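Residue numbers (the working numbering): 2 to 487.
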Ligand code: BG6
């Protein structure tokens, strides 16, 4: 039996992601019979009013869930309740305690989908009311801190009330199917491992481009920026999985032990390196998919003279034996030309071509792991075009087994919620990973603060500032979309 208490139960994340994820788990029979869902927030709402919101969220964001139906929704709403809770009012927690179905076998999951300033007051109250003992777990949403110091303080405070194995720091990118497939690809096959190092790999590119702007989160985003919103967490988590050594087994800590070593080995930039190896940008007005869109500085909640970055590109390096000298090009941005999250492993070129000069420039072999919009793994190789003479072209070996499998596709939040309910920490971030990630980000943030000239602008609907292309071009490399096939 599981009780799921969602703080921030009326917020944007709850509406768009968490309620749809719970509903999908419910209709697919993944929640036990006695499952209890309590949405908690400061607003005064009746149970019925909250159920109406849950129902609206399902209608908007979960209408395509396989197996969903009005009957299933009605059954889900039966399990749903609302609790008005103010983090500073102890009596509210007393009432919450009264509505929880507790038993020895009960696992209670508290999900803090709120701002980080509320985390500690909520956990403190939960602890004072004896609610985080036994099988209780707490999921905390990013951003966890603004820099290494504040993250450390939050972690220390959480640890005053909870054991590390009760803390589930969520990074929803780790719940994406392809991220886990990457672990399978790397550690369940023999042919990639001998190639997975500085001897055979030219560079690694990890790019997450979005078409959306800051939506209704202008104020939050302006205090955060792309480096904290996307690089510190999602991009560095992907780097750690691509670059990690084989773990001793697939247990959560064995995997996280290897990931944290990568994060610690990331080469920390001096201020001079920050100016040479990072590019930051902010979007101007433009058009995305043919539709005009406003500039970042004109977005609601954003100050007109804001200097916050909505785009980041970085040439990162990992100082260890496997990766020394291999650039990891990281890029993310809002209002870009297309929505795409992709990891590209570019292998080194052949040492010499026997096929003569008529072939044009040969792009070397590459492995492309697409997380979205479609999930796929493709290995690009050269082959001869059919017909007279030898003309080479790229052929993609599609390594994706998704088509061959009838398994249900599980969205990342659903997977992670279920993992947390089952006590599986593998896809959650440990405190030392978080500290190591911030320790790499801090010098970049600091150098940017002292360099007011460094923010470039880019037109909404483009691939970011030209400087991001130059970052690679000066080393003879290019982003995936910039290649012109020979
Ligand atoms: C969130 C960021 O963590 O990830 C958002 O706060 C961003 O700004 C989102 O839009 C992207 O997630 P996805 O899964 O849509 O790529």
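Ideal Cβ positions, reconstructed from N, Cα and C, are used throughout, including at glycine.
Computed from a prediction, not measured in an experiment: that's the story for all the values here.
Continuous alpha helix (DSSP H) stretch holding residue i: start and end
i: residue 99; result: 91-100
i: residue 219; result: 219-223
i: residue 20; result: 20-28
i: residue 125; result: 117-129
i: residue 240; result: 237-244
i: residue 298; result: Neither: residue 298 is in no alpha helix (DSSP H) and is coded neither H nor E.
i: residue 199; result: First-last for residue 199: undefined, no H or E at that position.
i: residue 442; result: 432-450
i: residue 155; result: 149-162
i: residue 266; result: 253-266
Whole-Å CB distance - residue i paired with residue j, under 8 Å assumed
i: residue 289; j: residue 467; result: That belief does not hold up - the Cβ atoms of residue 289 and residue 467 are roughly 19 Å apart, past 8 Å.
i: residue 335; j: residue 284; result: 7 Å
i: residue 428; j: residue 417; result: 6 Å
Candidates the options, of which the one nearest residue i by Cα
i: residue 24; options: 155, 41, 79 and 184; result: 79
i: residue 245; options: 274, 21 and 198; result: 198
i: residue 213; options: 317, 400, 71 and 333; result: 333
i: residue 21; options: 4, 49 and 66; result: 66
i: residue 162; options: 135, 178 and 151; result: 135
i: residue 238; options: 316, 341 and 173; result: 173
i: residue 471; options: 231, 51, 281 and 344; result: 281
i: residue 46; options: 77, 86 and 69; result: 86
i: residue 236; options: 372, 454 and 114; result: 372
i: residue 180; options: 441, 243 and 268; result: 243
i: residue 261; options: 241, 3 and 275; result: 241
i: residue 436; options: 34, 182, 456 and 263; result: 263
i: residue 449; options: 292, 381 and 274; result: 274
i: residue 310; options: 321, 215, 204 and 409; result: 215
i: residue 1; options: 377, 301, 382 and 303; result: There is no way to answer for residue 1, as the model of the chain reaches only from 2 to 487.
i: residue 223; options: 397, 415, 299 and 480; result: 299
i: residue 56; options: 16, 35 and 36; result: 16
i: residue 319; options: 267, 456 and 458; result: 267
i: residue 411; options: 29, 459, 12 and 7; result: 29
i: residue 7; options: 395, 381, 38 and 205; result: 38
i: residue 452; options: 63, 146 and 277; result: 277
i: residue 323; options: 351, 88 and 203; result: 203
i: residue 414; options: 177, 138 and 339; result: 177
C-alpha distance - residue i paired with residue j, whole-angstrom precision
i: residue 474; j: residue 330; result: 12 Å
i: residue 477; j: residue 407; result: 42 Å
i: residue 121; j: residue 421; result: 20 Å
i: residue 10; j: residue 313; result: 31 Å
i: residue 168; j: residue 158; result: 12 Å
i: residue 217; j: residue 286; result: 17 Å
i: residue 18; j: residue 387; result: 48 Å
i: residue 126; j: residue 149; result: 26 Å
i: residue 430; j: residue 91; result: 30 Å
i: residue 61; j: residue 271; result: 47 Å
i: residue 487; j: residue 325; result: Residue placement at residue 487 is poorly supported in this model, since its pLDDT is 43, which falls under 50; the coordinates still yield a value, given next. Those two C-alpha atoms are separated by around 30 Å.
i: residue 465; j: residue 439; result: 25 Å
i: residue 82; j: residue 31; result: 19 Å
i: residue 252; j: residue 426; result: 9 Å
i: residue 53; j: residue 59; result: 10 Å
i: residue 296; j: residue 308; result: 12 Å
i: residue 488; j: residue 226; result: Since the displayed the chain opens at 2 and closes at 487, residue 488 lies outside it and no answer follows.
i: residue 250; j: residue 170; result: 22 Å
i: residue 115; j: residue 432; result: 19 Å
i: residue 454; j: residue 446; result: 14 Å
i: residue 256; j: residue 74; result: 38 Å
i: residue 41; j: residue 77; result: 17 Å
i: residue 129; j: residue 279; result: 45 Å
i: residue 398; j: residue 118; result: 48 Å
i: residue 140; j: residue 195; result: 38 Å
i: residue 469; j: residue 219; result: 24 Å
i: residue 367; j: residue 211; result: 23 Å
i: residue 109; j: residue 185; result: 31 Å
Bounding residues of the beta strand (DSSP E) (the contiguous stretch that carries residue i)
i: residue 5; result: 3-8
i: residue 459; result: 456-460
i: residue 112; result: 108-113
i: residue 382; result: 377-385
i: residue 355; result: Taken as a continuous stretch (DSSP letters only), residue 355 belongs to no beta strand (DSSP E), as it is neither H nor E.
i: residue 399; result: 393-399
i: residue 344; result: 341-348
i: residue 206; result: 202-210
i: residue 85; result: 81-85
i: residue 368; result: 367-373
i: residue 484; result: No beta strand (DSSP E) contains residue 484, which DSSP labels as neither H nor E.
i: residue 289; result: 287-289
i: residue 317; result: 312-317
is_contact[residue i, chain C] using C-beta, thresh 8 Å
i: residue 112; result: In the structure shown, chain C cannot be found, because there is only a single protein chain.
Heavy atom of the ligand GDP within 7 Å of residue i beta-carbon
i: residue 143; result: The ligand GDP is absent from the structure shown, which contains only the ligand BG6.
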